[in-house]
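For what it's worth, this note's numbering labels the leading residue of the sequence shown as 2, then goes sequentially. The beta carbon of each residue, even a glycine, is placed where N, CA and C say it ideally should be. Here's the structure we're looking at; comments come further down.
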Amino acid sequence: IMMAAWPAGNDDLSAWEGNVISIYGSEDALATPEEILGATELLPESTEYIELVGGNHAQFGSYGEQDEADVATITKEEQHELIQQAVIDLLEELE
């Protein structure tokens, strides 16, 4: 599960045979959608990319504002609900 991230150090995980989801916020100014989608070759072709429309970087956690350009258009609670549902959906696929 990648949350507002891509493989560290550009490690190539494309041969991974497990399920992978990459969750990112449309308003993320620190791990931008362009950066996330620019690293697709590092993850398996089967990776599911989930854009949280209105989500930002800071709201993946609860650590406050990160960058003045990192402005969400959804609440932290809404973003957390979307993240939780994406993770639950993935876990249900594993059953």
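Can you tell me whether residue i is buried or exposed? The criterion is at least 16 other CB atoms within 10 Å of its CB, across all chains shown.
i: G10; result: exposed
i: L83; result: buried
i: A32; result: buried
i: S23; result: buried
Nearest to residue i by alpha carbon, out of the options?
i: I52; options: Q67, F61, E46; result: According to the sequence displayed, residue 52 carries Glu and not Ile. When only C-alpha atoms are compared, the closest one is F61.
i: P45; options: T33, A16, N57; result: A16
i: D68; options: S27, N57, K77, D12; result: N57
i: D12; options: V54, E94, S63, L43; result: L43
i: E75; options: I2, S27, M3; result: A quick correction: the sequence has Ile, not Glu, at residue 75. It is S27.
i: D71; options: I89, T48, Y25; result: Y25
Checking 7 Å against the spacing of the C-beta atoms, do residue i and residue j come in under that value?
i: A59; j: E66; result: yes
i: W1; j: A40; result: Limits of the chain in this structure are 2 at one end and 96 at the other, which puts residue 1 out of reach.
i: N20; j: E93; result: no
DSSP on residue i, reduced to helix/strand/coil?
i: I75; result: coil
i: G10; result: helix
i: I89; result: helix
i: I24; result: strand
i: I51; result: strand
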